[in-house]
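Visitor: So the sequence shown is numbered by the numbering used here: it starts at 537 and just counts up by one.
Below is the structure I would like to discuss, written out as structure tokens.
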Amino acid sequence: MANLHDETPAKIYYEDINDAIERNRPKIKAVRERLQEAGVKYVLSSWIDLHGIPKTKPVPMSDFEPLCLGKGPQFAVHSISYVPELSPADSDQVMVPDLDAVYICPWDTSMAIIFADLFWEGRPYNVCPRQALKRAIHEAGVAGYVGYAGIEPEFIAMRYGADGKPVKAISSEPADAPTLRRQAFGYDVEYSIDSMPFLKDMIDILEDLGWNLHDVVAEGAYSQFELDFHYTDLLEMADRLVFLRILLKEVAKKHGMFITFMPKPTIGDWRSGAHINFSLQRIDQPGDNLFKSGDGWSQASRHAVGGLMAHAEAITAITCPTVNSYNGLVPRVGGFEGGTVTWAPTNITYGHNNRSAQFRLPQSRYCIENRAADMTMNVYLALAMTLSSALEGIAQQVEPGEPTDRDLYAMSAQEFEDLGIRRLPRNLSEANQALSADALAKKVMGPVMHHSYITYKNDEWERYHQAVTDWEVEEYLRLY
């Protein structure tokens, strides 16, 4: 069993708690003045747990300076966050907010969320996903690279019906007529207009935050939406995605709705994904996209794809981390609204603008899009693995083979075998096995977090198989 006490942090991490505090010290006055001018009275300094979910203990603004100097709330993280490597007799974790990651809450400007890093006995806590991403970014910087990402978040807006059961929030059909065939929701003007009371609030907020919102999409599933905003560096994108998940839920509550990021809440729905669009620059050539060469894709982009494909199964274990995630990674669904094919990836390959491949090289931008990702992912670990895999591919000049520029849903198993195209994991168990065997994943996550993550996900898979589903009852009860 991995043990926190067995790791040698000096060989893994680059910043101790004193470094983090000193990094904060010259920024405290300006950040405090900014928060006070905005009317902030309460600060929620938030660390990230194993699942990518933020946790906090709110403090008043009167405690802002001690908080920034590592003298704020401490946590027994190992008591609540699925990481049992420490015991009740061990030290608590200390939270140090990152004063470059400050978000005043638009739905209640008396509060601010500041993303934080966890430390344990003066060292970065080994089960802090934000620290893992920062370490990967640091190692990329030492090699001369900086990574960027844009993420396409999809979600479904729901509400509770008169019977107390959840129903789609945006629908023109009465609740007692759920089986009627309706017009397609995707891109629909009528449904977009019906959704605007909620969407207008989100658009205005994201514009005020300066995220450069490009558009809002009524997606293929009923009451499903996507918000597309501009790319940024990896750490800021990870923080933004977590803040967006909080923001969506809080704004939805004001409209009598709730948001689910569950990839497949019903059989006939399109999956909610969160495609990762990844690119690189050289530190000594800022602004120059490493994946672009003249009017085409660079050799470095090929090698980055090769690295991503080499670790595709392990990456997928993180980007598609739930039992439900794999219900969406199928080629076809019977009775599917809007068609029969899912437009979800099922095979590990790449193609130019090919939306049936896991890795797409879009026609509109020079980035590598990983389509096997959803909003339940721990985005810090996902981006850390993406960055590290791509850089390994570049360093080792990994060749990805020829692109698959054809409809993968129309290809046979024999064709996949002949071309050497691997299948994406079919379920969480297969993905977790790949993650367990992946040496790069163990390095990126660190052995303790790698062990904790795999242990929890194995337990999730076993608990899933202890449940008897409605499908099983309908299929087998009278048949046998």
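No residue lacks a Cβ here, since even glycine has one placed at the ideal position from N, Cα and C.
Small disclaimer: the values here were computed from a predicted structure and weren't measured.
1) Go ahead and pull the three-state DSSP assignment for residue 989.
2) Classify residue 660 as helix, strand or coil using the three-state DSSP reduction.
3) Output the distance between the C-alpha atoms of residue 721 and residue 674, rounded to the nearest integer angstrom.
4) Does the beta-carbon of residue 821 have 16 or more other beta-carbons within 10 angstroms, so that it is buried, or is it exposed?
5) How big is the Cα-Cα spacing for residue 733 and residue 767?
6) Can you give the beta carbon distance from residue 839 to residue 933, rounded, assuming they're within the 8 Å contact cut?
7) Classify residue 935: buried if its beta carbon has 16 or more other beta carbons within 10 angstroms, exposed otherwise.
8) From what residue to what residue does the alpha helix (DSSP H) around residue 733 run?
9) Figure out for me which residue from 660, 983 and 635 has the closest Cα to the Cα of residue 775.
10) I think residue 1018 touches residue 693, with their Cβ atoms under 8 Å apart; what is that distance to the nearest whole Å?
11) Who pairs with residue 984 in a beta bridge, going by DSSP?
12) On the premise that residue 691 lies in contact with residue 808, defined as a C-beta separation below 8 Å, what is that separation, rounded to the nearest angstrom?
13) Let me check understanding here. Comparing Cα to Cα, which of 614, 812, 803 and 706 lies closest to residue 761?
14) Measure the C-alpha to C-alpha separation of residue 547 and residue 699 and round it to an integer number of angstroms.
15) What are the start and end residues of the alpha helix (DSSP H) that includes residue 581?
16) Counting only the same chain and skipping the five closest in sequence on each side, list residues whose C-beta sits under 6 Å from that of residue 957.
17) How many whole angstroms separate the CB atoms of residue 651 and residue 582, which I take to be in contact at a CB cut-off of 8 Å?
18) In angstroms with no decimal places, state the Cα-to-Cα distance between residue 648 and residue 813.
19) If we ignore side chains and look at the alpha-carbon of each, how far apart do residue 669 and residue 697 end up?
Guide: A quick look at the data gives this:
1) helix
2) strand
3) 43 Å
4) exposed
5) 26 Å
6) 5 Å
7) exposed
8) 725–745
9) 635
10) Since the displayed the chain opens at 537 and closes at 1016, residue 1018 lies outside it and no answer follows.
11) None; residue 984 has no bridge partner.
12) 6 Å
13) 706
14) Unreliable placement is indicated for residue 547, whose pLDDT of 36 sits below 50; no coordinate value is reported for it.
15) Where residue 581 is concerned, there is no enclosing alpha helix (DSSP H), although the beta strand (DSSP E) it sits in stretches over 578–584.
16) 883 and 885
17) 6 Å
18) 28 Å
19) 41 Å
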